[in-house]
Structure formats: structure tokens, C-alpha cells
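Notes to accompany the following structure.
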Ligand code: UD1
Ligand code: CA
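Numbering (my numbering), first residue to last: 127 to 606.
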């Protein structure tokens with residue numbers, strides 16, 4: 127028998143959200159609520175000891191978190207949090223597996239819970255020899271939450287939990303809320319589950335009623351206050367969720383600042399929980415760092431840049447308004463302003479991508495530059511290449527994508543179009559304004575444009591001609 131298993135309640139619909147998406151799949155800090163809770167659970171139990179109770183849109187919820195490897199228990203009909211645990215008990219009975227000695231129950235909609243608090247709670251549960259330990263908080267406004275009734279002020283013992291809708295008038299002001307996070311002695315919990323009734327305001331089986339049932343049996347039920355109020359807050363409405371999202375981003379910014387990252391006006395930045403940034407990097411106001419983004423040391427990310435799932439080396443300069451998605455940028459590269467790096471962009475050491483340059487599936491070598499107004503897609507570009515203003519790769523023929531290969535030290539003149547598939551050999555030159563449809567050998571000059579024709583004095587002659595015609599017309603009208 128293992129010491130500890132975790133059950134995460136995630137079967138509810140989230141009616142108060144008024145959303146088609148299941149509640150636990152709504153995102154804060156760039157990640158679904160349920161994934162945050164699973165991450166916390168994994169810090170204290172083996173993945174195969176974690177069970178998510180799913181029900182509303184079960185398949186969709188499972189698909190979204192399957193990669194974590196947790197187990198699932200189906201609660202086909204959502205008849206309350208107590209009913210959810212009845213399903214867990216039934217699942218153990220059915221499979222014949224021995225349940226863990228203790229069960230930590232987490233709520234899929236209480237995503238800010240800290241591993242350290244869970245550790246503290248588990249230790250408290252053991253030390254108190256409790257059958258049930260309830261994690262609590264005293265928020266400024268307890269409305270909506272179940273209230274924990276202690277045996278007396280300051281006592282660890284609890285006599286019961288009363289849901290908001292079932293509060294008696296004299297209980298309305300009880301300040302201590304139930305976080306929906308509990309530690310149970312599994313056998314004690316399972317022994318009470320069949321006694322739960324639905325004679326309450328919601329007509330549901332409340333897990334919270336187990337507290338009073340245990341007390342009646344003479345078992346010990348205790349409460350422990352969490353470290354902070356935010357970490358036990360639930361996300362039942364979009365507004366509550368956005369509050370937690372902001373709290374999580376502030377936390378992410380704080381974590382990075384503690385590691386030596388300078389973030390100006392951190393409250394204006396949107397930083398996802400998993401983002402990593404090296405020391406001495408400076409993040410300017412209104413920057414978004416999202417997903418699995420990793421940024422090295424000594425970089426500067428200027429305002430209004432949005433960097434998603436990308437990796438930046440050390441000493442990279444991202445000027446204002448750049449958009450990066452699934453890109454990799456090497457040390458000392460400079461981007462923008464307004465560069466757009468789409469998926470598969472690999473930008474070499476010290477390379478420059480300037481104003482309004484768009485890249486997609488491009489490998490660009492060391493020190494290469496495309497400083498103005500270019501589209502570079504499906505291309506392999508060597509080192510020391512200079513792509514002139516307005517030069518583009520024509521990678522798409524309407525049906526297929528083709529590759530443009532540009533060797534080391536190539537110079538592509540401004541406003542050239544490189545019609546792929548095409549290869550420019552090392553050190554080749556392409557004259558400005560060329561349309562390149564054939565391979566250019568190394569060191570060759572390619573001109574792919576019509577010859578310039580210059581007609582001397584053409585404009586002056588034309589003007590004189592027009593003036594003569596105008597005079598004649600005037601004379602004619604005077605005579606007539
Ligand atoms: C619950 C607690 C309340 C506590 C609050 C803290 C009960 C009866 N009440 O209320 O005391 O203050 O959490 O956030 O437990 N779920 C299922 N199956 C169901 C119903 C719910 O899996 O049949 C899941 C939900 O998806 C959710 C969690 O359980 O993740 C809590 O359910 P919710 O309806 O949000 O409970 P609250 O009203 O917030
Ligand atoms: Ca809730």
C-alpha cells in the first residue's frame with residue numbers, strides 16, 4: 127500500500143463561467159487550470175498515484191492532460207463533490223487495487239496551490255493523527271465558499287463545513303473558508319461516503335459533509351490555514367479566473383526578478399509560468415513572454431514584443447514590436463523593430479533581421495543580415511549573407527512549397543525575387559531588382575531584369591511639343 131495518492135476533482139461543468147469550454151480547461155498563466163493542479167500534485171506524489179475525476183466533456187478534458195500520464199476516474203453524472211469521491215472508491219473496488227493509505231484531494235479549479243503548502247498540510251495531517259485535514263483561508267470576502275466551523279476559536283479541531291447556500295443567518299459572517307483541498311485517511315473517508323445525503327440547497331452529495339460525519343464517529347478533523355489567500359482561491363467565474371491569472375503573472379515576474387532579470391513595469395508584462403530568462407536581461411514594459419519561451423542572459427526585449435515558445439541565446443536584442451513564434455535565435459542576434467519570426471525560424475549568431483522582415487522555416491547563418499522589408503520562407507541561408515531591402519523568396523507555386531538555398535557570403539540586391547526551388551552558390555551576387563528563376567553558380571553575378579533604356583532629352587522634347595500644341599489651340603480659338 128502506498129502512503130499517499132492524489133485525487134483531483136475535475137468533472138464539473140463550470141456553469142458560472144457561461145462558457146462552452148469545460149472549466150478546468152480554461153487557461154491562466156498560459157496553461158489550463160487542470161495542468162497547474164496536476165503540476166502541483168506531481169511534486170508530492172508519483173504520477174501513477176494521481177487520479178483526475180472527469181465527467182463533463184470527459185474526453186476533451188482527458189485529451190488535454192493525457193500527456194502528463196495521470197489516471198482518470200469517470201463520474202458520468204456530476205452529482206456533487208462527494209459523489210465524485212464515491213466514484214473513486216468504486217473504481218478501487220472494481221479494479222481490486224489497494225487504495226493508498228492517505229488521499230490528498232485537490233480541486234481542478236483551485237490552481238494556485240503551492241507544493242510547499244501541500245507538504246505542510248500532509249505533515250500536519252500526520253502530526254495531528256487526523257482522519258481529515260482541511261486547508262483554509264480567511265479572505266477579505268468569503269462569500270460563495272463553504273465555511274469551516276472550528277470547535278472553538280484558535281482550535282485545530284473542526285466540527286463541520288457549511289456551504290454558502292446552507293449557512294444559517296448567524297453563520298453568515300463566519301470568515302474562514304474551505305479551500306476544497308483536503309487530506310484524508312483513505313479508509314476513514316471511504317467509510318463515510320455512502321452515508322452522504324442530498325438534503326441540501328443544491329441537492330448534491332457534498333464532500334464537505336464528510337467532516338461532520340467523521341466528528342460524529344469520534345474521528346479527528348482539523349483545519350490548517352494556507353500561507354496566502356491567493357493560493358486557495360477558486361476560479362468559478364471569468365473575473366475570478368482573470369484575478370488568478372494576474373496573480374500568477376505577477377508571481378512569474380517576481381521569480382524572474384529574483385533571478386536577476388530586470389523587468390520594467392512588471393504589471394504591464396504578460397509572462398507565462400514556465401518562461402525562463404537569464405540574469406541581466408532587460409524586459410521593457412508591455413512585453414509578452416509566453417509558453418515555453420527561454421531567453422538567455424544580457425538580452426534586451428523592447429516594448430510590445432510578443433515571444434511565444436521560442437528560444438533566445440545570450441545578448442540578443444529584440445527591438446520594439448517583434449512577434450516570435452516557435453523560433454530559435456542565437457547569441458548576439460538583433461531583431462526588429464517589427465520583425466515577424468514564424469515557426470521554424472532559426473537565426474544564427476549575430477544575425478540581423480530588421481524592420482518588417484518576416485521569416486518562416488528558415489535557417490539563417492552566422493552574421494547574415496536582412497535589414498528591411500523581406501519575406502524569407504523555406505530557405506537555407508549561409509553565413510555572412512546580405513539580403514537587400516525588399517528581397518523575397520517565392521516559396522509557393524500555388525500547390526507546393528519549395529526551398530531557396532543561399533550560400534555563404536551571397537549578396538542579394540534589393541527588391542529581388544528568388545523563385546524557388548533555386549540555389550545561389552557561395553559568394554554569388556544578385557543584381558537589384560532581379561527575378562531569379564535559375565540557379566546562380568558560386569561567385570557569379572546574376573542579372574534577372576530587363577535592360578534599362580535611356581532616351582536623352584525625351585522629357586524636354588515632349589514638354590516643348592506640348593507647349594507648341596497648346597499655343598496653336600489657343601490661336602485657333604482666338605481666330606474662330
Ligand atoms: C467547493 C466546496 C466549498 C469550497 C469550494 C472551494 C463542496 C460541496 N463545496 O464548492 O466548500 O469552499 O469548493 O473552492 O465541495 N466537481 C466534480 N464533480 C461534481 C462536482 C464538482 O468533479 O459532481 C469538481 C469541479 O469540477 C471542481 C471541484 O469539484 O473542480 C469543485 O466543484 P465546484 O462546483 O466548483 O464547488 P464549489 O461550489 O466551488
Ligand atoms: Ca469551485
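The C-beta atom is built at its ideal place from N, Cα and C for all residues, glycine as well.
Since the structure is predicted, the reported quantities are computational estimates derived from the model, not experimental observations.
About 17 Å separates the beta carbon of residue 280 from that of residue 303, a gap too long to meet the 8 Å contact definition. The three-state secondary structure of residue 601, taken from DSSP, is helix. Distance check between residue 329 and each of 429, 206, 343, 527 places 206 closest, using alpha-carbon atoms only.
Per DSSP, the continuous alpha helix (DSSP H) segment holding residue 312 begins and ends at 312-319. For residue 162, the enclosing alpha helix (DSSP H) begins and ends at 159-168.
Taking 8 Å as the cut-off, the beta carbon of residue 224 is found no closer than this to the beta carbon of residue 198. With contacts defined by Cβ atoms closer than 8 Å, residue 333 and residue 208 form a contacting pair. By the neighbour-count criterion, in which a residue is buried when 16 or more other Cβ atoms sit within 10 angstroms of its Cβ, residue 458 is buried.
The three-state reading of DSSP puts residue 244 in helix, counting H, G and I together.
Bridge partners of residue 331 according to DSSP: none are assigned. With 5 Å as the limit, the residues whose C-beta approaches any heavy atom of ligand 2 more closely are 235, 360, 362, in sequence along the chain. If you draw a straight line from the Cα of residue 249 to the Cα of residue 258, it is about 13 Å long. Residue environment for residue 579: exposed (fewer than 16 other C-beta atoms within 10 angstroms of its C-beta). With respect to residue 515, residue 529 sits apart: the two C-beta atoms are not nearer than 8 Å. As DSSP reads the structure, residue 204 sits in no beta bridge. Burial check for residue 308: the Cβ neighbour count within 10 Å reaches 16 or more, so the residue is buried.
Scanning 471, 274, 195 for the CA closest to the CA of residue 456 turns up 471.
Restricted to the segment 173-220, the beta strand (DSSP E) segments that are unbroken, complete and at least 3 residues in length are 176-180, 197-200, listed in chain order. Rounded to whole angstroms, the separation of the alpha carbons of residue 153 and residue 169 is 21 Å.
Closest in C-alpha terms to residue 437, from the list 446, 355, 316, 468, comes 468. In this structure, the CA atom of residue 232 is about 45 Å from the CA atom of residue 460. Distance from residue 283 to residue 191 at the Cβ level is roughly 36 Å; contact not present, criterion being Cβ atoms closer than 8 Å.
Using a Cβ-Cβ distance cut-off of 8 Å, the segment 360-369 and the segment 140-159 are in contact, since at least three pairs of beta carbons, one from each stretch, lie closer than that value. Residue 512 places its beta carbon less than 8 Å from that of residue 538. In this structure, residue 522 has its beta carbon at no less than 7 Å from each heavy atom of ligand 1. By the CB criterion at 8 Å, residue 215 and residue 319 fall inside the cutoff.
Assignment of residue 421 by DSSP, reduced to helix, strand and coil, places it in the strand class.
The bridge partners DSSP lists for residue 378 come to none.
Here residue 424 has 406, 407, 440, 441 as same chain residues with Cβ atoms under 7 Å from its own Cβ, once five neighbours each way along the sequence are excluded.
The Cβ neighbour count for residue 140, taken over all protein chains shown within 10 Å, is at least 16; the residue is labelled buried. Residue ranges of uninterrupted beta strand (DSSP E) with 3 or more members, entirely inside the segment 335-377 and ordered along the chain, are 347-351.
For residue 494, there is no enclosing beta strand (DSSP E), as DSSP gives it neither H nor E.
Residue environment: residue 380 is assigned as exposed (fewer than 16 neighbouring CB atoms within 10 Å of its CB, all protein chains considered). Within its own chain, the residues whose Cβ lies closer than 8 Å to the Cβ of residue 506, once the five positions on either side in sequence are excluded, are 488, 489, 529, 530, 531, 532, listed in chain order.
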